[in-house]
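Novice:
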Amino acid sequence: MHKISKKYISIALMAIIIVLVMYLCKSSRALENCTPQSMKNYISSFGMLAPIIYIIMFTIIPLTLFPDAVLAIAGGMIFGVGIGTLYTIIGAVCGGTLSFFISRIFGRGLVEKLIKGKAEWFEDGIEKKGFLFILILRLVPLVPFDVISYGAGLSKIKYKDFVLATFVGIIPGVWVYANLGDKSGNIFSLEFFGAVLILVLLMIFSYFMKKKISVKGLKSKVNGEN
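Under the working numbering, the letters of the sequence shown match residues 455 to 680, in that order.
1. The alpha helix (DSSP H) with Asn633 in it runs from where to where?
2. So is Pro521 buried or exposed if we call it buried at 16+ other beta carbons inside 10 Å?
3. Apart from the five residues on each side of it in sequence, which residues of its chain come closer than 6 angstroms, Cβ to Cβ, to Ile624?
4. In terms of residue numbering, what span does the alpha helix (DSSP H) encompassing Met493 cover?
5. In chain order, what residues of the same chain have a beta carbon less than 7 angstroms from the beta carbon of Lys637, not counting five sequence neighbours either side?
6. Can you round the beta-carbon distance between Ile509 and Ile544 to whole angstroms, since I take them to be within the 8 angstroms contact cut?
7. Considering only C-alpha positions, which residue in the set Asn640, Asn633 and Phe662 is nearest to Ile681?
8. Spatial neighbours of Ile527 within its chain, please: CB distance less than 6 angstroms, with the 5 preceding and 5 following residues excluded, ordered by chain position.
9. Pop quiz: Phe500 and Thr542 are said to be a contact at Cβ under 8 angstroms. What is the actual Cβ separation, rounded to whole angstroms?
10. Could you tell me whether the Cβ atoms of Tyr613 and Pro516 are closer together than 9 angstroms?
11. Spatial neighbours of Ala484 within its chain, please: C-beta separation below 7 angstroms, excluding the five flanking residues on both sides.
12. Three-state secondary structure (DSSP) at Ser643?
13. Nearest to Gly530 by CA position, among Phe554, Phe585 and Ser498, is which residue?
14. Report the option in Ala523, Leu525 and Thr551 whose CA atom is closest to the CA atom of Asp615.
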């Protein structure tokens, strides 16, 4: 009985989320234009509800193909660096949680289609490193945010470890995007150049970390087969 109730509750929640996605996609031309400025205009039109709409949009991003970087920059444009960073972190953690539990509830069949055959690689990495593996991946902007969350949901990692690693790991990248948005009106300021420089350094760091993790994963797989 408990399992049946849990199943129906999960389906109901998914239905609500899908309706929200459809509503936002239908009512917003900003989603079609897909620019920070158009997102800023759309979210700002909600007035006092803008923070709530922003967080909801970040939460349901895992169910869309919308680029979260664009939304994060828009957040900086609307709310400034400090508050924009805070709202983005809240939304990103909620979105990561959504993906994590979609994976836990609906299982490997659905998730493998979403992350395109990377399920075993994630499970292996999390099995060995757990919290540290998620933390490193969160620091690597080149690894899609939602892919990490879906992959983690298939593993045995505890939710509290997943959410803590997510929270800590996304802070640098989120701050950079919020800073870019906040200073976008003055692209010649030192703060804007500083944010761009940090973003470039993060991308370089990401490239080498992703390569290192991939090589380690390949070696582990080969050794396991031998």
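By construction, the Cβ of each residue, glycine as well, lies at the ideal position given by its N, Cα and C atoms.
Specialist: This is what the structure gives:
1. Numbered from its first residue, the sequence shown carries residue 633 at position 179. Tyr613 to Asp636 is the span of the alpha helix (DSSP H), which, as asked, contains Asn633.
2. Position 67 of the sequence shown, counted from the first residue, corresponds to residue 521. Under this definition Pro521 is an exposed residue.
3. Locating residue 624 in the sequence shown gives position 170, where the first residue counts as 1. Closer than 6 angstroms at Cβ, skipping near neighbours: Ala546 and Arg592.
4. Within the sequence shown, the letter at position 39 stands for residue 493. Per DSSP, Met493 belongs to the alpha helix (DSSP H) from Pro490 to Ser498.
5. The residue labelled residue 637 in the question sits at position 183 within the sequence shown. Counting only Cβ-Cβ distances below 7 angstroms, and skipping sequence neighbours, we find Ser643, Glu645, Phe646 and Ala649.
6. The residue you call residue 509 lines up with position 55 of the sequence shown. The residue you call residue 544 lines up with position 90 of the sequence shown. The pair is a contact, with the Cβ atoms about 6 angstroms apart (cut-off 8 angstroms).
7. Because the chain is modelled from 455 through 680, residue 681 falls outside the range shown and cannot be assessed.
8. Taking the first residue of the sequence shown as position 1, residue 527 is located at position 73. These residues qualify, in order along the chain: Pro490, Tyr631, Leu634 and Gly635.
9. Here residue 500 corresponds to residue number 46 of the sequence shown, with the count starting at 1. Here residue 542 corresponds to residue number 88 of the sequence shown, with the count starting at 1. No, Phe500 and Thr542 are not in contact; Cβ-Cβ is about 17 angstroms, not under 8 angstroms.
10. Along the sequence shown, read from residue 1 onward, the residue named residue 613 stands at position 159. Along the sequence shown, read from residue 1 onward, the residue named residue 516 stands at position 62. Against a cut-off of 9 angstroms, the Cβ pair of Pro516 and Tyr613 comes out as no contact.
11. Here the question's residue 484 lines up with position 30 in the sequence shown. Confidence is the limiting factor: at Ala484 the pLDDT is only 49, short of 50, which leaves the residue's position unreliable, though a coordinate-based value still follows. Ser492, Met493, Asn495 and Tyr496.
12. Sequence index remark: in the sequence shown, residue 643 carries index 189 (1-based). Coil.
13. Indexing the sequence shown from 1 puts residue 530 at position 76. Nearest option by C-alpha distance: Ser498.
14. Your numbering for residue 615 matches position 161 in the sequence shown. Selected option, being the one with the closest Cα: Thr551.
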